[in-house]
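Numbered according to my numbering, the sequence shown spans residues 5 to 122.
Every residue, glycine too, gets a C-beta built ideally from N, C-alpha and C.
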Amino acid sequence: MEFELWTPVHQAVEANDYEELAALLEAGADPNEVCFGMTLLAHAIELEGDSTLQSGYRLHAALTAIVLAYGADPALISHNKQTPLEIAEEYDHEPAKSLLRRFMGIHEISSPAVRDSG
């Protein structure tokens, strides 16, 4: 998809431009904006996951964190009929999955630590 066809806030995500993304959201851009059927949050998660797959660099969730911090709804379904959490799971994007779970109030159940009473 042509970069120029994205809205400015989606362009900031696509360019991995944290400062521009935060500035646009601070100025009133909608954190739930949909462009070409893709929510801003889904776009951030997909870009982070795909960039890591292509580059081999360490996975981060900076874009995801910024969009969530400005009020993105982590339950909105995107163009591919998936929630942001499902997209993060598809990319095995642990940092985004952790953030999304916190914002959605989902806590993974873990077994209690076994204590040695000896």
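>> Please tell me whether Ala48 and Val71 are closer than 7 Å, where the distance is taken between their beta carbons.
In response: Position 44 of the sequence shown, counted from the first residue, corresponds to residue 48. Position 67 of the sequence shown, counted from the first residue, corresponds to residue 71. For the 7 Å CB-CB criterion, Ala48 and Val71 form a contact.
> Where does Thr11 fall in DSSP's three states?
Replying inline: If you number the sequence shown from 1, residue 11 lands on position 7. Assigned with DSSP and collapsed to three states, Thr11 falls in coil, not helix or strand.
> Using the C-alpha atoms, what's the distance from Ala16 back to Cys39?
Replying inline: Here residue 39 is taken as the residue at index 35 of the sequence shown, counted from 1. Here residue 16 is taken as the residue at index 12 of the sequence shown, counted from 1. C-alpha of Cys39 to C-alpha of Ala16: approximately 13 Å in a straight line.
> Just reading off the alpha helix (DSSP H) that Gln58 is part of, what are its end residues?
Replying inline: Position 54 of the sequence shown, counting from 1, holds the residue named residue 58. For Gln58, the enclosing alpha helix (DSSP H) covers residues 44 to 59.
> Identify the residues that DSSP records as bridge partners of Val38: which are they?
Replying inline: On the sequence shown, position 34 is the one that residue 38 refers to. Val38 is bridged to Thr43.
> Would the beta-carbon of Ala76 fall within 7 Å of that of Leu45?
Replying inline: In the sequence shown, the residue the question calls residue 76 occupies position 72. In the sequence shown, the residue the question calls residue 45 occupies position 41. In this structure, Leu45 lies closer than 7 Å to Ala76 by Cβ.
> Are Ala100 and Thr68 close, meaning C-beta to C-beta below 7 Å?
Replying inline: Taking the sequence shown and counting its residues from 1, one reaches residue 100 at position 96. Taking the sequence shown and counting its residues from 1, one reaches residue 68 at position 64. With contacts defined by Cβ atoms closer than 7 Å, Ala100 and Thr68 form a contacting pair.
>> For Thr68, report the span of its alpha helix (DSSP H) as first-last.
In response: The residue you call residue 68 lines up with position 64 of the sequence shown. Start and end: 66 to 73.
>> Assuming contact is defined by CB atoms lying nearer than 7 Å, are Trp10 and Glu23 in contact in what I supplied?
In response: For the purposes of this step, residue 10 is taken as residue 6 along the sequence shown, with counting starting at 1. For the purposes of this step, residue 23 is taken as residue 19 along the sequence shown, with counting starting at 1. Contact: no.
> Under a three-way DSSP split, which group does Ala33 fall into?
Replying inline: As a first step, residue 33 must be located in the sequence shown, where it is residue number 29. Coil.
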